[in-house]
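Notes follow the structure.
In my numbering, the protein residues as written are 66 to 763.
Shown next, in the form of structure tokens:
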């Protein structure tokens, strides 16, 4: 296959010629088309007028079948125009016809355009002979198109001649333009070649004032700048040598076989060498683990963490950044050596701090990859690191993992990442409810592209305690305010006016009852506060007779609820050696018995139990009533301070009794259990260990 190589001059000529030929061809075709349309309209009008005129003139002769008159009309018409034939057709067939017999012998076919008539050289048309809307025949004619065809051919020849002449002039202009451009571009090309060979600062003569002149000016400016830069590079090389020898990191250059070409002073100091000792040395003498195979024939930067050896045999942790380069047509490996001894020590210390910290840490890069997660973080999110290690994964992996743990009722409209980076609270709902605070900061505050460190603190306990304190203070204030309002209200009434003795006595009674209620409420609060604060200190634990204490407590409480009894059914033998604080257990029994009587209109039952649990024996007392009972939801809140299932106020109480019972029994080393169904009553059981429980006494 021939391989033609065109010069810029020839490309210019051929390019312009092709474009000019294309558009001239379009022009000729378009002009010929317009001429066709003009002639076609003219012949259509002419045929329509003649056929219509003949149809009108032949009406009477056709109706009367006057053939002689028809022949006269047709002969007079065909002699005065360029009509090739005329035929009059009646209802029964041809009535008269004149003209060229060749065309009369052909079947009649109406022509719609001049193109249709080119096949037989005649334009065929007709007009209907009509009288009062009825057709009696038609007139068919054929017009010669010889004159029109001659006009079209002549116009086509003229247009083609004009186009050819124009192409010759354009080709000549293109040739002259190509020669002028090629000459000046050749000068520019030769000068560019000289600059590429090192002849910097070369200037070429400037001619004309066109784009090539602008290119020449640009070349002269570029050549001048290259000369200046070359001179500057020579001076910079000396500066670079100075910089290389003052940087703290070691810099080296070795052959692809590992032979040392050069090193800076920091590298000498790192390995404890003198510059003269470097000659003919191999990089493997100082870095035995250095891997050259992955660097050779690769254009990417390589990072290796290896161990080096000083001249005295000391091991040094190194980080090497290296790459392959070409110098004087030879391949070399260049790199930077960093001593990581101090960095590793700091990392070990920081790792120990992170591993021992109770707070969670997560380091997140800008590409949302996770580079570090400490153990406390896994624990906070209930993730097993041995089953799902997050380091090296991306943020989506973490969010997918804990998606079911997030409480989205608190995080509705934002993605998890946006929330962690904009809010400081994260709510978890499973496997346990947690509340975490989140702090975020750049590792390098001065570098906006550095990684983020996310700091997680579990504040679940603080949140619960804060909520409990708020609820406790709100409820306590309400409970204390109720009797105080009565006391203040009735005392103000007594001070404001004089009442009769009976009314005044009733008011005094109300004030007294509310004062006693207020005192009872404060006593329970103080008891609960003292018990919690001292955590068992102050309890007088000793061997006591639990049977006697239970019976005494039943008699004491029965007196306040006349007509109802506490029936004791010991299911097991009474223990003879049970250690407890007699006053505190009496307080437990009073609270549980009072609750049973208050919420039941029938007798209550006490049942004793024994059970073994975790190697210990427990004695239990169940107080069973058949009162209003509790729903599962109410039972789940039993023990909350000031919580009462009956909030109507019809049954007196503070809502602190069960909290006090739970706290006392817990300090004894026992536990409480409650079971109930709405409308079926309540069973409250407290268990005490039979073994002597040790306490820190005052």
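Cβ atoms here follow ideal geometry from the backbone N, Cα and C, with glycine treated the same way.
All of these numbers come straight from a predicted model, not from anything done at the bench.
Exposed or buried, what is residue 425 when buried is set at 16 or more other beta-carbons lying within 10 Å of its beta-carbon?
-> Buried.
Report the option in 175, 141, 654 and 682 whose CA atom is closest to the CA atom of residue 689.
-> Comparing Cα positions, the closest option is 654.
Check whether residue 609 and residue 583 have beta carbons under 8 Å apart = Result no, Cβ atoms of residue 609 and residue 583 do not sit closer than 8 Å.
When we look at the beta-carbon of residue 80 and count the other beta-carbons within 10 Å, is it buried (16 or more) or exposed?
-> Using a 10 angstroms sphere on the CB of residue 80, the tally of other CB atoms stays under 16, which defines it as exposed.
What three-state label does DSSP hand residue 745 in the structure shown?
-> Coil.
Rounded straight-line distance, which links the Cα of residue 476 to that of residue 506 | Between the C-alpha atoms of residue 506 and residue 476 there is a straight-line separation of about 22 Å.
Return the residue from the list 244, 242, 289 and 399 that minimises the CA-CA distance to residue 260.
-> Nearest C-alpha to residue 260: 289.
Given that a residue counts as buried once 16 or more other Cβ atoms are within 10 Å of its Cβ, and exposed if not, what is residue 664?
-> Using a 10 angstroms sphere on the CB of residue 664, the tally of other CB atoms reaches 16 or more, which defines it as buried.
Is the stretch 645-662 in contact with the stretch 674-684, if contact means three or more CB pairs nearer than 8 Å?
-> No, the stretch 645-662 does not touch the stretch 674-684.
Less than 8 Å between the CB atoms is what I'm expecting for residue 515 and residue 524, so what's the real figure, rounded?
-> With 8 Å as the limit, residue 515 and residue 524 do not qualify as a contact, their Cβ atoms being about 27 Å apart.
Count the C-beta pairs between the stretch 88-105 and the stretch 162-179 that are closer than 8 Å, then say yes if the count reaches three, no if not.
-> Contact holds: three or more Cβ-Cβ distances are below 8 Å.
Based on the DSSP output, what are the partners of residue 304 in its beta bridges?
-> Answer is none; residue 304 lacks a bridge partner.
Using 8 Å as the threshold, is the stretch 163-174 in touch with the stretch 108-118, meaning 3 or more CB pairs across them?
-> With a cut-off of 8 Å on Cβ pairs, the stretch 163-174 is not in contact with the stretch 108-118, counting fewer than three such pairs.
Select from 611, 518, 619 and 130 the residue whose C-alpha is nearest the C-alpha of residue 640.
-> Of the listed residues, the one whose Cα sits closest to residue 640 is 611.
Which residue's Cα is closest to the Cα of residue 387: 97, 623 and 359?
-> Cα-wise, what sits closest to residue 387 is 359.
Would DSSP call residue 702 helix, strand or coil?
-> Coil.
Beta-bridge partners of residue 608, as assigned by DSSP | For residue 608, which the question treats as bridged, DSSP gives the partners 644.
C-alpha distance - residue 458 paired with residue 432, whole-angstrom precision | Rounded to the nearest angstrom, the two C-alpha atoms are 11 Å apart.
Is the Cβ of residue 266 closer than 8 Å to any Cβ of chain B?
-> Among the chains of the structure shown, chain B does not appear; only one protein chain is present.
For residue 106, which of helix, strand or coil comes out of DSSP?
-> DSSP places residue 106 in the helix class (H, G or I) of the three-state scheme.
Taking only the alpha-carbon atoms, compute the straight-line gap between residue 153 and residue 95 and give it to the nearest angstrom.
-> So the alpha carbons of these two residues sit roughly 39 Å apart.
Buried or exposed: residue 206, going by 16 or more other Cβ atoms within 10 Å of its Cβ?
-> Here residue 206 is buried. Its C-beta has 16 or more other C-beta atoms within 10 Å.
Ordered along the chain, which non-local residues of its own chain (more than five positions away) have a Cβ less than 6 Å from that of residue 752?
-> Excluding five sequence positions before and after residue 752, the CB atoms of its chain that fall closer than 6 Å to its own CB belong to 683, 685, 735 and 736, given in chain order.
Does DSSP classify residue 433 as helix, strand or coil?
-> Three-state DSSP puts residue 433 in coil, outside helix and strand.
How many Å lie between residue 580 and residue 553 at the Cα?
-> So the alpha carbons of these two residues sit roughly 11 Å apart.
Terminal residues of the continuous alpha helix (DSSP H) containing residue 631?
-> Per DSSP, residue 631 belongs to no alpha helix (DSSP H); it is in the beta strand (DSSP E), 631-634.
Reduced DSSP secondary structure (H/G/I, E/B, other) of residue 350 = Look at residue 350 here: in three-state DSSP terms it is helix.
How about residue 197 and residue 174: are their beta carbons less than 8 Å apart?
-> No. Outside cutoff.
Taking 8 Å as the cut-off, decide whether the C-beta atoms of residue 369 and residue 349 are in contact.
-> Result no, Cβ atoms of residue 369 and residue 349 do not sit closer than 8 Å.
Other residues of its chain near residue 67: CB distance less than 8 Å, five sequence neighbours each side excluded | A caution first: residue 67 carries a pLDDT of 45, below 50, which makes its placement in the model too unreliable to give a value.
So, helix, strand or coil for residue 213, using DSSP?
-> Reduced to three states, the DSSP call for residue 213 is helix.
Can residue 528 and residue 497 be called in contact, C-beta distance under 8 Å?
-> The beta carbons of residue 528 and residue 497 sit no closer together than 8 Å.
Runs of beta strand (DSSP E) lying entirely within the stretch 121-178, each at least 3 residues, in chain order = Segments of the beta strand (DSSP E) lying fully in the stretch 121-178: 148-155 and 158-164.
By Cβ distance below 7 Å, which residues in the same chain neighbour residue 357 in space, the five residues on each side in sequence not counted?
-> Hits under 7 Å: 321, 323 and 398.
Could you tell me if residue 637 is buried or exposed, where buried requires 16 or more neighbouring beta carbons within 10 angstroms of its beta carbon?
-> By the neighbour-count definition (other C-beta atoms within 10 Å, threshold 16), residue 637 is an exposed residue.
How many angstroms separate the CA atom of residue 750 from the CA atom of residue 727?
-> Here the alpha carbons of residue 727 and residue 750 stand approximately 11 Å from one another.
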